[in-house]
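Working notes, beginning with the structure itself.
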Amino acid sequence: MAIAVPREAGPRIERLERIWRERPGVMGWLTTTDHKRIAILYLFTSLAFFAAGGVEALLIRTQLIRPDNGLLTPSGFDQAMTMHGVTMIFLFVIPMSIGAFGNYLVPLMIGARDMAFPRLNAASYWIFLASGLFIYGGVAAGHAPTAGWFDYVPLASKQFSPDSGIDFYALGLIFNGISSTAAAINFIVTIFKLRAPGMSLNRMPLFCYAFLAVSFALVFALPALTCALLMLEADRLLGFQFFEVARGGDTILWQNLFWIFGHPEVYVIILPAFGIATSIIPTFVRRRMVAFPLVALAEILVAFIGFGVWAHHMFAVGLSQVTTIYFAAASLIIVIPSGIQLFAWITTIVTGTPRFKTPLLWIVGFIVLFIIGGLSGITFAAIPFDQQLTDTYYVVAHFHYVIFGAAVFPILGGLFYWFPKVTGRMYHERWGQASFWVTFAGMNLTFFPMHIVGLLGMPRRQYTYPPDMGWTGYNVIESIGAYVLAAGLLMVAVNLVVSCFRGARVGNDPWEGDTLEWSTSSPPPAYNYAVIPRVTSPYAMWDREDREADVENLAAGEKVLEQGHETPAVTAVDAEWDEILEMPSSSPWPPVLALAISGVFAMVILKQWIAAGVFLVAAFVVLGAWHGKEPQEA
Amino acid sequence: MSDVTRSMEAGAAGVAARVERRRRSMPSGWWGMALLIATEFTLFASLIASYFYLRFQASTWPPAGIEPPSITLPAVFTGILVASCAPVYGAVRMARAGRRPAAWGLLAVALLVQGAYLGLQLWLFVDDLNTFSPADTAYGSIYFALLGIHHVHVAVGLLLDLWLLGVLAFALTNYRLIALRVIAMYWYFVASVAVLVLLTQLYPSL
Chain V
0 MAIAVPREAG PRIERLERIW RERPGVMGWL TTTDHKRIAI LYLFTSLAFF
50 AAGGVEALLI RTQLIRPDNG LLTPSGFDQA MTMHGVTMIF LFVIPMSIGA
100 FGNYLVPLMI GARDMAFPRL NAASYWIFLA SGLFIYGGVA AGHAPTAGWF
150 DYVPLASKQF SPDSGIDFYA LGLIFNGISS TAAAINFIVT IFKLRAPGMS
200 LNRMPLFCYA FLAVSFALVF ALPALTCALL MLEADRLLGF QFFEVARGGD
250 TILWQNLFWI FGHPEVYVII LPAFGIATSI IPTFVRRRMV AFPLVALAEI
300 LVAFIGFGVW AHHMFAVGLS QVTTIYFAAA SLIIVIPSGI QLFAWITTIV
350 TGTPRFKTPL LWIVGFIVLF IIGGLSGITF AAIPFDQQLT DTYYVVAHFH
400 YVIFGAAVFP ILGGLFYWFP KVTGRMYHER WGQASFWVTF AGMNLTFFPM
450 HIVGLLGMPR RQYTYPPDMG WTGYNVIESI GAYVLAAGLL MVAVNLVVSC
500 FRGARVGNDP WEGDTLEWST SSPPPAYNYA VIPRVTSPYA MWDREDREAD
550 VENLAAGEKV LEQGHETPAV TAVDAEWDEI LEMPSSSPWP PVLALAISGV
600 FAMVILKQWI AAGVFLVAAF VVLGAWHGKE PQEA
Chain A
0 MSDVTRSMEA GAAGVAARVE RRRRSMPSGW WGMALLIATE FTLFASLIAS
50 YFYLRFQAST WPPAGIEPPS ITLPAVFTGI LVASCAPVYG AVRMARAGRR
100 PAAWGLLAVA LLVQGAYLGL QLWLFVDDLN TFSPADTAYG SIYFALLGIH
150 HVHVAVGLLL DLWLLGVLAF ALTNYRLIAL RVIAMYWYFV ASVAVLVLLT
200 QLYPSL
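Heads up: the protein sequence lines correspond to chains V and A, in order. Numbering that gives the first Met the number 0 puts the first residue of the first sequence at 0, with every later residue one more than the last. Numbering that gives the first Met the number 0 puts the first residue of the second sequence at 0, with every later residue one more than the last.
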């Protein structure tokens with residue numbers, strides 16, 4: 000649907016261009032508060048960490064390709080395994096889905112011109128980058144953590160992990176948590192306050208519901224992790240006794256706190272992927288999602304129920320029978336909202352007229368993998384079965400089907416789907432489809448045999464295995480699969496990089512997409528929309544009259560807001576126009592703040608308490624300078 | 000459209016107060032602070048839950064050799080912090096009426112009371128440190144961690160007050176009025192958590 004820009008709008012658009020223009024060059028990227036540029040920074044940073052995590056995965060699989068292999072030492076294997084988990088979860092999936100996809104798309108989908116707190120948004124990115132570099136700084140200095148991503152005490156306590164690897168892990172994750180908390184709060188406020196007037200909550204795209212649910216989950220889940228990490232560091236650096244049994248401490252306390260965070264975190268990883276799926280499916284099957292309100296509710300319910308199931312990670316710990324049964328039952332309830340979403344996706348595809356382009360292929364692949372991963376997940380709710388198989392490769396198979404299959408596949412599909420919007424060019428379709436099939440084959444080759452070796456009793460997290468266990472053949476297949484998987488991902492990367500430069504140019508809306516982002520140019524201008532869009536349904540791009548009304552408004556100069564760096568603010572539920580906000584523009588302080596906070600954490604790890612205090616004071620001075628310029632003074 | 004207010008126009012006390020009165024829903028800053036409080040409250044909930052988790056793993060609490068905490072002084076100090084919410088509330092009322100000097104004065108009073116509270120609490124903290132150590136028992140660890148983390152929240156609030164007093168000395172804008180409202184919310188949160196922390200700490204003596 001191409002709508003021409005009326006000639007009378009020329010001067011207004013020039014004015015918007017001038018008001019929203021940012022500095023050119025490197026300084027522009029350092030001081031940017033444009034949610035789209037921040038999203039691109041997030042994208043490339045998290046892809047770099049994805050590559051690092053991928054190399055670690057290949058190291059693990061190469062080590063396990065034959066019994067008694069000596070490629071990695073036991074400690075080297077522990078480092079690779081721990082860093083693989085930490086990297087993929089905290090430095091790839093979450094920043095990729097929330098930082099890159101959420102940042103780019105949520106303001107566009109709700110018809111806003113920026114996030115609610117643009118400078119905080121920039122700070123989230125710089126703090127995330129600094130925390131990732133901090134954790135990898137430990138690796139570079141030869142102090143990688145070795146206690147696995149869930150870092151159980153007493154293995155992680157000073158006595159059994161004396162070097163500072165665990166400190167890099169614990170402080171790095173507190174550091175990372177600041178970034179995630181700030182980003183989550185920013186999304187909630189943006190979704191509640193900055194929707195286009197008229198987009199009441201029932202007219203909001205399902206994608207945004209997923210991000211709303213994820214953000215609330217982060218706000219309430221991260222403090223439990225922060226609490227656990229603070230206790231661990233107090234034990235390790237200051238000699239506290241939280242986890243020292245002989246002094247009244249308790250090691251299970253760590254497990255409880257970690258999983259109170261860790262299980263909601265699983266849904267934080269997977270819900271954005273659900274949101275991506277609910278965006279791609281309607282576009283490529285040319286019909287609205289069935290059961291819209293149920294799917295919206297299910298997205299929120301998954302995040303909510305996710306808080307009540309944490310002890311199903313601890314069935315082998317020796318909790319009381321009643322506790323175990325309660326958590327097993329609660330875990331089964333999650334099947335209901337997950338089932339609602341699955342059936343809604345499948346029904347929408349079956350009753351629509353699907354075009355199996357690359358993005359939809361990834362989503363169909365995701366549905367298949369999510370069903371397999373979901374079914375193996377249900378088996379763990381049978382307590383005796385869980386107690387047999389916990390800490391075997393069966394668990395590894397399950398959560399890679401859920402995390403790689405159900406979270407990363409939609410992310411890859413989303414990369415293809417929104418590639419034309421972000422770059423203004425089209426990717427290569429046949430290469431795209433081929434890369435899907437290679438990745439899908441690689442994924443199943445790598446992870447499906449893990450179910451079987453798990454059932455045969457192969458324990459996870461062991462650096463090697465003896466030759467006479469009957470596991471060798473499966474491990475060979477898994478390792479070959481890992482290389483096929485890597486090849487598939489490399490094909491995706493090559494396709495997208497080459498298409499960036501050589502892809503065919505596309506217009507605003509190559510897919511006849513359903514949500515607002517397709518109404519603006521590709522790539523979108525700094526101000527997103529020349530006129531604040533009119534919205535009367537969650538499939539705003541399919542409401543042709545509204546888009547024509549936008550063009551008339553632009554010609555008449557209505558709802559253009561070209562007096563300043565402005566965007567509308569609305570009432571939280573009904574989205575009635577409440578005020579016009581003057582938004583902050585580019586600021587040098589967010590990256591400086593991230594530097595100051597890095598100083599604090601670096602000095603804490605060196606036990607230079609005075610220097611840490613100095614950096615802390617510097618951070619507060621920076622915050623003062625940050626607020627020295629109010630938005631209306633820009 | 001014409002009845003929608005522009006926040007950039009609110010550069011002086013009277014205009015800021017008018018914008019504030021015409022606003023039908025909570026501003027973005029309010030939501031931001033509400034969510035920050037939600038996440039910080041969850042942090043304290045985790046700490047307090049850990050306190051009781053450790054307590055119910057132990058047969059004697061506090062462990063042998065440590066006196067149960069005294070009630071009077073901590074209770075009085077917490078009362079002082081709760082009382083400081085009154086001038087904070089007054090400052091918000093004055094600012095919403097566009098009365099900048101009165102708001103500044105009330106906030107200054109609140110800052111003095113809150114500063115005194117933190118000073119007294121730190122004195123008590125050091126005094127406790129001289130009696131028993133966080134490095135000896137899990138009881139000491141959670142006792143000092145809970146108190147210390149609350150004191151950090153008070154200190155952050157004092158910095159927020161100082162910044163606010165600095166900018167309010169010159170002008171009251173829409174931005175600063177919202178800042179005052181949300182910093183007031185922060186203090187109500189810190190005061191209510193102080194009560195919860197107090198009840199947790201005093202629990203062995205109650």
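Cβ coordinates follow ideal geometry from the N, Cα and C atoms, glycine included.
Buried or exposed by the 16-neighbour rule on C-beta atoms within 10 Å, applied to residue 111 of chain V: buried
For the beta strand (DSSP E) that contains residue 581 of chain V, what are its first and last residues? Run containing residue 581 of chain V: 576-581, per the beta strand (DSSP E) assignment.
Minimum length 4: unbroken alpha helix (DSSP H) runs contained in the stretch 524-563 of chain V: 543-555
How long is the line joining the alpha carbons of residue 350 of chain V and residue 289 of chain V, rounded to whole angstroms? 9 Å
Please list the partners that residue 477 of chain V has in chain A, where partner means a Cβ-to-Cβ separation under 9 Å. Neighbours of residue 477 of chain V in chain A, taken as residues whose beta carbon is under 9 Å from its own, are absent, since the nearest beta carbon is some 38 Å off.
The beta strand (DSSP E) spanning residue 566 of chain V covers which residue range? 565-569
If you measure beta-carbon to beta-carbon, which residues of the stretch 616-630 of chain V are closer than 9 Å to chain A? 619, 622, 623, 626, 627, 629 and 630
Just mark residue 614 of chain V as buried or exposed, buried being the case when its beta carbon has 16 or more other beta carbons within 10 Å. buried
Could you tell me whether the Cβ atoms of residue 65 of chain A and residue 131 of chain A are closer together than 8 Å? Yes, Cβ-Cβ distance for residue 65 of chain A and residue 131 of chain A is below 8 Å.
Please go through the same chain and pick out, in chain order, the residues whose beta-carbon is closer than 7 Å to the beta-carbon of residue 16 of chain A, but skip the five residues on each side of it. 95, 96 and 97
Interface flag, residue 192 of chain A vs chain V, CB-CB below 8 Å: no
Just curious, the alpha helix (DSSP H) that residue 190 of chain V is in, first and last residue? 164-192
Residue 324 of chain V at chain A interface by Cβ criterion, 8 Å: no
Residue-level contact to chain A via CB, residue 420 of chain V, 8 Å cutoff: no
Using the Cβ count rule (16 or more neighbours within 10 Å means buried), how would you classify residue 507 of chain V? buried
Are the stretch 420-437 of chain V and the stretch 491-509 of chain V touching by the rule of at least three beta carbon pairs closer than 8 Å? yes
Are the Cβ atoms of residue 575 of chain V and residue 565 of chain V separated by less than 8 Å? no
Inter-residue Cα distance where the pair is residue 305 of chain V and residue 262 of chain V: 6 Å
Per-residue contacts from residue 50 of chain A into chain D (C-beta, under 7 Å): Going by chain labels, chain D is absent from the structure shown, which instead holds the protein chains V and A.
Using beta-carbon positions only, say whether residue 179 of chain V and residue 93 of chain V come within less than 8 Å of one another. yes
Reduced DSSP secondary structure (H/G/I, E/B, other) of residue 180 of chain A: Note: residue 180 of chain A maps to helix in three-state DSSP.
Chain A within 8 Å of residue 247 of chain V, Cβ atoms only: yes
Tell me which residue opens and which closes the alpha helix (DSSP H) that residue 135 of chain A is part of. Segment: none, residue 135 of chain A is in no alpha helix (DSSP H) and carries neither H nor E.
Under 8 Å by beta carbon: chain V residues contacting residue 99 of chain A: Near residue 99 of chain A there are no residues of chain V at all, since even the closest Cβ is about 15 Å away, more than 8 Å.
How is residue 358 of chain V classed by DSSP in three states: helix, strand or coil? helix
Just the chain V side, please: which residues come within less than 7 Å of residue 31 of chain A by C-beta, in chain order? 116, 184 and 188
Identified DSSP bridge partners for residue 458 of chain V: V:391
Determine the burial state of residue 134 of chain V: buried for a count of at least 16 other Cβ atoms within 10 Å of its Cβ, exposed for fewer. Counting Cβ neighbours within 10 Å, residue 134 of chain V comes out buried, since at least 16 surround it.
Out of V:301, V:593, V:370 and V:586, which one is the CA nearest neighbour of residue 628 of chain V? Answer by Cα proximity: V:586.
Report yes or no: is there a C-beta of chain V within less than 8 Å of the C-beta of residue 20 of chain A? So no, residue 20 of chain A is outside the interface.
Cβ separation of residue 312 of chain V and residue 258 of chain V, assumed to be a contact under 8 Å, to the nearest whole Å: That pair is a contact at about 5 Å.
In chain V, which residues lie less than 8 Å from residue 262 of chain A when you measure between Cβ atoms? The structure shown has nothing for residue 262 of chain A, since chain A only spans 0 to 205.
Under 7 Å: does the beta carbon of residue 118 of chain A sit that close to some heavy atom of the ligand GTP? The ligand content of the structure shown is nil, which means the ligand GTP is not present either.
Quick one: is residue 0 of chain A buried, meaning 16 or more other Cβ sit within 10 Å of its Cβ, or exposed? Only weak support is given to the placement of residue 0 of chain A: the predicted model assigns it a pLDDT of 49, under 50, and the value that follows is read from those uncertain coordinates. With fewer than 16 other Cβ atoms within 10 Å, it is exposed.
Is any beta-carbon of chain A found at less than 8 Å from that of residue 581 of chain V? yes
Do you know how far the Cα of residue 522 of chain V is from the Cα of residue 9 of chain V? Cα to Cα, the separation comes out at about 19 Å.
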